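Novice:
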Amino acid sequence: MLGLNKRDTLLFAIVIAITLLAPIILNPFPVASDLAQFNAGYPDLMQRFVIFGIFAIGFNILFGLTGYLSFGHAAFLGVGSYAGVWMMKLLTMNVVPAIIVSVIFAGLFSLLVGFISLRRSGIYFSILTLAFAQMSFSLAYSVLTPITNGETGLQLSLNDPRILGVSQTADGSIPMTNFFGIAMRDGFELSMGGWLFTFNAGYYLCAAILLIAFYVSIRIFRSPFGVMLKAVKSNQQRMLYTGLNPRPYTLAAFVISGMYAGLAGGLMVAMDPLAGAERMQWTASGEVVLMTILGGTGTLIGPILGSGVIKYFENIFSKINDNILHDWFAFLPDGLEDFVVAIVYPFVGKGWHLTLGIVFMLVVIFLPGGIVEGGQRIAGLFKRKPPEDKNKTAAASAPSAAE
Amino acid sequence: MIKRPISRRGLIKTAGVVGAGLAAPHLFIRSANAYFNEPKGGTVTLGFNVPQSGPYADEGADELRAYELAVEHLNGGGDGGMLNTFSSKALKGNGILGKKVEFVTGDTQTKSDAARASAKSMIEKDGAIMITGGSSSGVAVAVQSLCQEAGVIFMAGLTHSNDTTGKDKKANGFRHFFNGYMSAAALAPVLKNAYGTDRKAYHLTADYTWGWTQQESIAAATEAMGWETVNNVLTPLAATDFSAYITPVLQSDADVLVLNHYGGNMVNSLTNAVQFGLRDRMVNGKNFEIIVPLYSRLMAKGAGENVKGIFGSTNWHWSLEDEGSVAFVQSFGKKYGFPPSQAAHTCYVQTLLYADAVERGGSFNPCSVVEALEGFEFDGLGNGPTLYRAEDHQCFKDVLVVKGKENPTSEFDLLEIVEVTPAAQVTYPPDHPMFAGGDLGTCNPGA
Amino acid sequence: MDAIILQVLNGLDKGSAYALIALGLTLIFGTLGVVNFAHGALFMLGAFCAVTLNELLRFSTETVDPSRTDFLGNPLKVKTPYVENWFGPDIGGAMIEWSVPLAIIFSIPVMIAVGIAMERGLIKFFYKRPHADQILVTFGLAIVLQEIIKYFFGANPIPTPAPDAFIGSFDFGALVGMQAGSIIYPYWRLVYFAFAALIIGGGFLFLQYTTFGMVVRAGMADRETVGLLGINIDKRFTIMFALAACVAGLAGVMYAPINSPNYHMGMDFLVLSFVVVVVGGMGSLPGAVAAGFLLGILESFASMSQVVNLLPGINQIIIYLVAIIILLIRPRGLLGRKGVMEG
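Protein chains in written order, with my numbering: chain A, 2 to 404; chain B, 57 to 503; chain C, -14 to 328.
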């Protein structure tokens, strides 16, 4: 179906089902229960899952296929965001032009960075991309403030020119981002039994784009172009000897993944029209690397899972404070309650970084192929025959041999 | 199992269940409410958005302590703190409008993006009706505009940039903290007395919007009394070692160094400046002086001995003797064992002011809160009689000029108050050029 | 002229810190083939050795002084450090004052233990894993280490002053017959530079003139052959890792008086020291040192207002700009060898 083989069709179908039903799947606990704290089915976080999923899918096209580890992809996301906000300031609040322009600008910028950085490989390439991204961040934060609004982040104001549209609405506020009239924050809520589900227009726009992005990524993985990229990863020398120049292929992969990053950046400002310089910092670039490795480098679904896990920690774990813990463990005798809370507290709330660090270590120590490998191992327990894809994954995550 | 506080949605859900029976799904559009996140049932949820990770985590932790104390007092617990000294007597200690106050917390990470994400999560998931907190102006401006769009009230925490209530002001946002202009206006006369009118100042300025607005304010105020600004050098936010910026000061003929830095930058630049012997220098026959216009006691601790004798300004300090401050320090100190910081004070006061405005306006509707707070005059919350100006939602109150204490008696006793500059002296017209270019817009109830 | 000399001094000083961190980093690359993102955290741990010792020495008894009151109006509790009770105020006070130099002795066994534990407990399982895995696991470790420090010490910087004898500045100008006070430099920063030179020089001599160093260098060049010769290279690599950790730790101890340590200072240095290592050439020790000083000096010059006025923002990006230019001109960095880390 759709030019996919049976396995990929199944995977794609599963992803479609999960994304469309996410508002329900992510809210498994009734609102009034103690566990409602763990519900993730509210618009902002769902949008973030999907947007960072797109970002990581794109990153994986470069890193997973060619093995080129870029430490500067956040810069493309940032450039996309700035371009998107400027589009909203100057042209229209419709998100479509903003997203298109984000992708174009990120593509152009990644062409420039890629053209220079791809002259080197290995860690030298990583440092070149890192250097470009850090320069973009530093300049955006300070000297380029007229364009980026520096520390505060570029945002809409009440006196933007906005050619196709109004500077401000009748009641004197900034108009909302919309998709041909459907405001991104619109939606409806469904209350059923003890559960409450929020279906948000913005989320579904992002989800639709994620599905397209995911489909394109499957096609790239399975195309001759994708095979060529894998050849770059496994042995560039041999490729050169057969008369193929790997540069155009890697540059194409770099620009494609840069455009994915720009798309993610454009969607971020479409959901929330503010572009902050921090999203270009090296830590943000590092985050997408971690998402990809955590999920499973070179696998199709891995990056989406990885981004989900990290964003979940950032948004859900960081909100558990000691009051909530005391509520949870209130059934214990007083002394024991305090003791348990004291044990758990360093790992949640303000300690969410610690838990994330431990998760990184555990996953990479015990599951070298990331979450995807974990899933496969669990599946393997139930199947007699090991999954046929296993060899493929192992090959993908094999060490990239030094020359 | 203890019952968890029922959230707004919990109640909607319960109503849905009771009304329509167990299985019948209940569908509704958000805008069915009179205003966004209207609290229903017996509780109201406030969102405390403070830095819990990153370099300002300790300041954030202190803000959170103050919020918890404020919630306790609003719900009638503890000794009531400033509720007893507050000039408005609308708050009864029975929550807000009879609803028990609940709160949720989020981590701003001192990044605009992360701060907006956690604020959105509190608004969308937890139904917070008001967001407050933060320890930087970038975050305050970003979250303020988010709250304006979402239709909830934002009560700024620690934010000192002129822009927060200047070009980036918003109808739904309110700032109790002072700003760069006020620091400059309060410091200038004290500096004139201490160091005279014939001085050459060299500025080191953090290279982002807060740094720029403060530098602009200080330069204007000191130049007005006869000082000359020799140079202004912008330093990168990420700088950790300031030696390369300090040594040119030695080469210049400046006799005053102004450090427009905050937090970690301030600790490092001040430490480096003292290392290079600037304080022992004699230039133009005068003793070389260093000024740190915005002090934070928590951060000053990191600079250790180096702060001794250095002038700066602060929004509030625990050694103030007025009734409100004493009451606050007592209840905070008894609960946590150490005195509150200026960040804790402003956050505590902001929570009380919000609750009081709701109570006086009789509704949680943001527009009613805005109306109640605009032009509100009050006293008894430290800093003397205070006005929440309607034109820009900035508080006008006394500003403290402080100096690093020579002989501290405890680890908290780092600053001594030199002068309490009266509000009138730091007041500026709403259309002052340093604050121009913004527009409050209209209050947004979100529905 | 004075300004230029001062900026060279600043650059050498900054370069010392970069070079010390980069030295360990490139040593680990060269010998073990491991990309260690936790190396910055080792620097931070070193600085916190100084903080810990300082706090241990300040460990105090409390006596109530009814004549004074604290902020709540209760009688003030006066703290007296135990060391002052035990050794008298003079010696005790001197011990507290000299806590940073004392911390050098304290930190060496601590950092070696940390290094061995890290290598044996974690890193050795990652020799044959892809670099991406190494990055993820060491990055995770770096986060865990800094969060642990944050849990115990808080997020704010903690002042750790140098002994009084080193406070103040040395007057170069007077020394060479120029105007007094024109070129002055803080004593402690000079100490830092001398210390770095000592460690770097010692490291090179050690690697150049000892059998151990020879084996390690041989292992860097061709690990397999060394193994075939029947030499237990793994054990030596463990020691090498511990030494690299120790160098980073000492760099941190000595840095504590320059800037008050905080829990994320390791991350601040991590990226820069990676750039330094790569610009110097992966696995090249002289390259790392040279690049450290070069970037330090360039960074200092770029901060001069004459330069910034000409090229706004140059001080923010100079290091990265130089890194890009060098890597484009010299594909393997300043002194890199062919074939290292180019996979």
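Ideal Cβ positions, reconstructed from N, Cα and C, are used throughout, including at glycine.
What you are looking at is a predicted structure, and each value in this text was computed from that prediction instead of being measured.
At least one CB of chain A closer than 8 Å to the CB of C:Ala308: is that the case?
Specialist: It does; some Cβ of chain A falls within 8 Å.
Novice: Near C:Phe110, what residues of its chain come up, given a Cβ to Cβ distance below 6 Å and the 5 sequence neighbours on each side ignored?
Specialist: No residues qualify anywhere along the chain.
Novice: Determine the burial state of C:Leu190: buried for a count of at least 16 other Cβ atoms within 10 Å of its Cβ, exposed for fewer.
Specialist: So C:Leu190 counts as exposed.
Novice: How far does the beta strand (DSSP E) with A:Trp196 in it extend, from its first residue to its last?
Specialist: First-last of the beta strand (DSSP E) with A:Trp196: 196 to 201.
Novice: Any Cβ of chain C within less than 8 Å of the Cβ of B:Leu120?
Specialist: Closer than 8 Å: no.
Novice: Can you look up B:Val208 in the DSSP assignment and give me helix, strand or coil?
Specialist: Coil at B:Val208, not helix or strand.
Novice: I'd like to know if C:Arg53 contacts chain B, where contact means its C-beta is closer than 8 Å to some C-beta of that chain.
Specialist: It does: the Cβ of C:Arg53 has a partner Cβ on chain B nearer than 8 Å.
Novice: What is the rounded straight-line gap between the Cα of C:Phe226 and the Cα of B:Asn328?
Specialist: Each residue's alpha carbon lies about 33 Å from the other.
Novice: Once you ignore the five residues that flank A:Arg248 on each side, which residues in its own chain have a CB closer than 8 Å to its CB?
Specialist: Result list for A:Arg248: Leu119, in chain order.
Novice: At a Cβ cut of 9 Å, what residues of the region 280 to 296 of chain A count as close to chain B, listed as they run along the chain?
Specialist: Against chain B - using a Cβ distance shorter than 9 Å - the residues of the region 280 to 296 of chain A are Arg280, Gln282, Ala285.
Novice: Quick one: grab the DSSP three-state call for C:Pro51.
Specialist: C:Pro51 falls in the strand class under three-state DSSP.
Novice: For a quick check, are the C-beta atoms of B:Pro107 and B:Thr188 less than 8 Å apart?
Specialist: Taking 8 Å as the Cβ cut-off, B:Pro107 and B:Thr188 do not qualify as a contacting pair.
Novice: Alpha carbon to alpha carbon, how far is C:Asn59 from C:Leu(-9)? Give it in angstroms, no decimals.
Specialist: So the two alpha carbons sit approximately 51 Å from each other.
Novice: In terms of DSSP beta bridges, what is B:Gly189 paired with?
Specialist: Its beta-bridge partners are B:Ala212.
Novice: Touching or not, the region 83 to 93 of chain C and the region 237 to 245 of chain C, by the rule of three or more beta carbon pairs under 8 Å?
Specialist: Yes, they touch.
Novice: From A:Arg378 to A:Phe367, what distance separates their C-alpha atoms?
Specialist: Those two C-alpha atoms are separated by around 11 Å.
Novice: Is DSSP giving B:Lys459 helix, strand or coil here?
Specialist: Strand.
Novice: Does any C-beta atom of chain C lie closer than 8 Å to the C-beta of B:Glu284?
Specialist: No, B:Glu284 lies away from the interface with chain C (no Cβ there is under 8 Å from its Cβ).
Novice: Answer with yes or no whether the minimum CB distance from B:Asn150 to chain C is below 8 Å.
Specialist: So no, B:Asn150 is outside the interface.
Novice: Within 10 angstroms of its Cβ, does A:Thr243 collect 16 or more other Cβ (buried), or is it exposed?
Specialist: Result: exposed.
Novice: With respect to the alpha helix (DSSP H) encompassing C:Leu160, which residues constitute its N-terminal and C-terminal limits?
Specialist: Counting along the chain, the alpha helix (DSSP H) containing C:Leu160 begins and ends at 157 to 160.
Novice: By the 9 Å beta-carbon criterion, what residues does the region 112 to 144 of chain B contribute toward chain C?
Specialist: Those would be Tyr112, Ala113, Asp114, Glu115, Gly116, Ala117, in chain order.
Novice: Pick from B:Asp336, B:Met178, B:Asp297, B:Ser308: whose alpha carbon is nearest that of B:Asn321?
Specialist: Ranking the options by Cα distance to B:Asn321, first place goes to B:Asp297.
Novice: Just list the beta strand (DSSP E) runs in the region 292 to 344 of chain B, keeping only unbroken ones of 3 residues or longer that don't cross its boundaries, in chain order.
Specialist: For the region 292 to 344 of chain B, whole beta strand (DSSP E) runs of length 3 or above, ordered along the chain, are 312 to 316.
Novice: Measuring CA to CA, which of C:Met103, C:Leu42, C:Tyr67, C:Leu17 is closest to C:Ser84?
Specialist: Ranking C:Met103, C:Leu42, C:Tyr67, C:Leu17 by Cα distance to C:Ser84 puts C:Leu42 first.
Novice: Got a sec? Which residues, its chain only, sit under 8 Å from C:Leu(-3) by beta carbon, not counting five neighbours each side?
Specialist: Correct list, in chain order: Phe178, Phe278, Gly281, Ile282.
Novice: Should A:Arg49 be labelled buried (16 or more other beta-carbon atoms within 10 Å of its own) or exposed?
Specialist: So A:Arg49 counts as buried.
Novice: What do you get for A:Phe181, buried or exposed, if any count of 16 or more other CB atoms within 10 angstroms of its CB means buried?
Specialist: A:Phe181 is exposed by the Cβ-count criterion.
Novice: Ordered along the chain, which non-local residues of its own chain (more than five positions away) have a Cβ less than 8 Å from that of B:Gly440?
Specialist: Result list for B:Gly440: Asp378, Lys453, Asp454, Val476, Pro478, Ala479, in chain order.
Novice: When the Cα atoms are used, what is the spatial distance from B:Ala506 to C:Gly266?
Specialist: What is shown of chain B runs 57 to 503, which leaves residue 506 of chain B out entirely.
Novice: Give the single residue among A:Ile55, A:Phe77, A:Asn6 whose Cα lies nearest to the Cα of A:Met281.
Specialist: Cα-wise, what sits closest to A:Met281 is A:Phe77.
Novice: Given a threshold of 16 other Cβ atoms within 10 Å of its Cβ, counted over all protein chains shown, does C:Glu132 qualify as buried or as exposed?
Specialist: Classification for C:Glu132: buried.
Novice: Starting from the Cα of B:Gly365, find the closest Cα among B:Phe384, B:Glu433, B:Tyr251 and give me that residue.
Specialist: With distances taken between Cα atoms, B:Gly365 lies closest to B:Tyr251.
Novice: Could one say the Cβ of C:Met289 lies closer than 8 Å to chain B's Cβ atoms, at least one of them?
Specialist: True, the Cβ-Cβ gap to chain B drops below 8 Å.
Novice: What separation, rounded to the nearest whole angstrom, lies between the Cα atoms of A:Met260 and C:Phe124?
Specialist: Rounded to the nearest angstrom, the two C-alpha atoms are 27 Å apart.
Novice: Taking the beta strand (DSSP E) that C:Pro66 falls in, what are its first and last residues?
Specialist: Its beta strand (DSSP E) spans residues 60 to 66.
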